[in-house]
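Beneath this line is the structure, given in C-alpha cells, with notes to follow.
There are 2 protein chains.
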Amino acid sequence: MRANLTRRALLETAAQLFDERGYAGTSISDISALSGRTSGAIYFHYASKEKLALAVVEEHFASWPRMIERHRSTGRPALEKLVALSFTVARAFRDDVVVRAGSRLWMERKAIAAPLPTPFVDWIEVVTELLAEARANGELAAGVDPVPAAHSVVCAFFGLHTVSDALDGREHIEQHLHNLWRLLLTALQVHPDPAALLDRVHAARTSPSTTERPSADQAVLTRAEA
Amino acid sequence: MRANLTRRALLETAAQLFDERGYAGTSISDISALSGRTSGAIYFHYASKEKLALAVVEEHFASWPRMIERHRSTGRPALEKLVALSFTVARAFRDDVVVRAGSRLWMERKAIAAPLPTPFVDWIEVVTELLAEARANGELAAGVDPVPAAHSVVCAFFGLHTVSDALDGREHIEQHLHNLWRLLLTALQVHPDPAALLDRVHAARTSPSTTERPSADQAVLTRAEA
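Residue numbers (the numbering used here), protein chains in the order written: chain Y, 461 to 686; chain E, 461 to 686.
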C-alpha cells in the first residue's frame, strides 16, 4: 500500500516536470530533487526514465474509460453526452498534470525509446458510437455519416488543445470549445439549436445531482495522502 | 548565388533529417554525411543547430503568404477561396519536406534553445478576413461570427494534420479534409450545399487555367539546380 502511494507520488512529480520541461529536459535527478526521494528509490519503482515516461502516458490513457463510461450511462440524448464528455476531457487537459504531461510526452514520442500507445483511434471509436446512437434516436442530421463525422470531431477537438496550449496555456479552452460546438452542432443536429443544447449541458454540470469530481482533485488528494 | 544554393541545399538536407528524426535525433555530422559537405561548411552558413532549426521553421512560415495571396486574388466566392487554400496547405504539409520539418520542429519547440515564431495567429487572421468577406458577399450563414468561427476552423484544420500524421503519415489527408469541410460548410454556408462547393473547388484545381505549382515541386527543382 505504502509502495503504491510512493509509486503514485513519483509518477506525479515526474508528470509535473515532464509537463514543464519535456522529456529531454527532465532527468532522474530532477525528479529526485523535487520528490525528495533518492535516485535509487526511483529506479526501484521505475527501471528507467523511458519506463517512467511510458507510465505517465499509460496513466494519461487510463483516465478516459471511466470518464467515458460515466457520461455514456447518463441516459441523456447522445449528442448531449458527447458534448458533456468533451468538456470533461477539456478540463482534464487543462487541470490534470498527468493528462497534460502524457499529452506533451506523446507529442515528443519520437524522442522516447519506448513504444507509446496510439491515441485518437479509441476516441474516434467512442465518438462514432455516440453519433450512431444519435442517429438511432433521430438526433442526427440526415446527411451526416457517423464514421467520417467522428473523425472530423476528434480532429477539431484535439486541434483545439494544440492551439489553446500554444496561444494561452489552455486558459480559455472552455470558451473555445463552446464556440467549436456552436459550429459543429449546427451541422450535426437534425433540428439545429446548438445554444439550447449547450445550455442544457452546462446546466446539468452545475446541478448538484450530477456534480462531477474532476480527476485533478483526485490527483491532489492522492498527493496529500502520500 | 552559389552560396545561396548551398545554403538552400543544406536547409533541405537538414529539413529531411529533422522531419525523419526530430531535433534531438539530428546532429550536424548527420547533416554533413547526408549533404556531403563538411561540418565547417555547415557552420559557415548556419552558426549552430538551433539556428538551422530556426531557419527551417522560418522557411516553413515563409511558404504561406504567397500561397494565401494567390488564393485571395482569384475573384472566386470567399468560402471557395478558403476551402481551396486549405487543400493547397494540406498538400504542402504532405509533400513539402521543409513544411513537414518546420511543423515537427515547432511541435518539439520546447527542446530548442531558440525562440520560434508563434503559429496559428496569422492563420486565424486570414480565415477571419475570408469569413468576413463571405459575410459581406452574403455567403455566410446568419448565426456565424467570423472571429470565433475562424478560430474553430483553424483548430479543426491543424487537428486534422496531427491526427493524420499519427495515424497514416498524412496519406489520406485530402479525403479527411473533404469530410471535414462537408461538416463545417453545412454550418458556414447561408444555403448549405457543401458537396457542390467542394466539386467546384476540385474542378478549378484540375482545370488548366488555374493549375497550381505546388511549392513541393519548387523545392525539388531547387534541389536539382543546387
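A virtual CB, placed ideally from N, CA and C, is assigned to each residue, including glycine.
Does residue i get closer than 8 Å to chain E when you measure Cβ to Cβ?
i	result
residue 611(Y)	yes
residue 639(Y)	yes
residue 616(Y)	yes
residue 513(Y)	no
residue 606(Y)	no
residue 647(Y)	yes
residue 682(Y)	Note that residue 682(Y) scores 36 on pLDDT, short of 50, meaning its location in the model is unreliable and no value can be drawn from it.
residue 677(Y)	For residue 677(Y), the predicted structure reports a pLDDT of 39, less than 50, and the residue's modelled location is therefore unreliable. The matter cannot be settled from this model.
Roughly how many angstroms lie between the CA atoms of residue i and residue j, to the nearest whole one?
i	j	result
residue 462(E)	residue 505(E)	12 Å
residue 544(E)	residue 632(E)	17 Å
residue 513(Y)	residue 497(Y)	18 Å
residue 484(Y)	residue 603(Y)	47 Å
residue 655(Y)	residue 642(Y)	7 Å
residue 476(E)	residue 560(E)	9 Å
residue 613(E)	residue 664(E)	22 Å
residue 611(Y)	residue 584(E)	22 Å
residue 509(E)	residue 571(E)	12 Å
residue 515(Y)	residue 471(Y)	8 Å
residue 637(E)	residue 493(Y)	47 Å
residue 649(E)	residue 581(E)	24 Å
residue 689(Y)	residue 490(Y)	No information on residue 689(Y) is available, as it lies outside the stretch 461 to 686 that chain Y covers here.
residue 532(E)	residue 542(E)	8 Å
residue 576(E)	residue 479(Y)	19 Å
residue 527(E)	residue 534(E)	12 Å
residue 646(E)	residue 591(E)	14 Å
residue 662(E)	residue 550(E)	14 Å
residue 685(E)	residue 474(E)	Because residue 685(E) carries a pLDDT of 34, less than 50, the predicted location of this residue cannot be relied on, and no value is offered for it.
residue 469(E)	residue 574(E)	22 Å
Are the C-beta of residue i and some C-beta of chain Y separated by less than 8 Å?
i	result
residue 671(E)	Reliability fails at residue 671(E), whose pLDDT of 43 lies under 50, so the model's placement of it is uncertain and the value that follows must be treated cautiously. No, because no Cβ of chain Y sits closer than 8 Å to the Cβ of residue 671(E).
residue 464(E)	no
residue 620(E)	yes
residue 591(E)	no
residue 644(E)	yes
Please check the pair residue i and residue j, which I expect to be a contact at CB under 8 Å, by giving their CB distance rounded to whole angstroms.
i	j	result
residue 499(Y)	residue 488(Y)	5 Å
residue 620(Y)	residue 615(E)	4 Å
residue 540(E)	residue 657(E)	6 Å
residue 564(Y)	residue 630(Y)	No, residue 564(Y) and residue 630(Y) are not in contact; Cβ-Cβ is about 12 Å, not under 8 Å.
At a CB-CB cut-off below 7 Å, which residues of chain A make contact with residue i?
i	result
residue 588(Y)	This model lacks chain A altogether, as its protein chains are Y and E.
For this session: Jot down the residue ranges of each uninterrupted alpha helix (DSSP H) in the stretch 499 to 547 of chain Y, minimum 4 residues, whole runs only, in chain order.
Result: 499 to 505, 509 to 522, 524 to 532
Problem set entry | Segments assigned alpha helix (DSSP H), at least 4 residues, entirely inside the stretch 540 to 627 of chain E | 557 to 567, 581 to 596
Exercise. Of all the residues that make up the stretch 468 to 484 of chain E, which are near chain Y by a beta-carbon distance shorter than 7 Å?
Worked result: 482, 484
For this session: Taking a Cβ distance cut-off of 9 Å, strictly less, list which residues of the stretch 624 to 635 of chain E are near chain Y, in chain order.
Result: 624, 626, 627, 635
For this session: Below 9 Å between beta carbons is the criterion; list the residues of the stretch 482 to 510 of chain Y that meet it against any residue of chain E, in chain order.
Result: 482, 483, 484, 485
For this session: Report the residues of the stretch 568 to 580 of chain E with a CB closer than 8 Å to any CB of chain Y, ordered along the chain.
Result: 568, 570, 571, 578, 579, 580
Problem set entry | Near-chain E residues of the stretch 535 to 556 of chain Y (beta-carbon distance less than 8 Å), N- to C-terminal order | none
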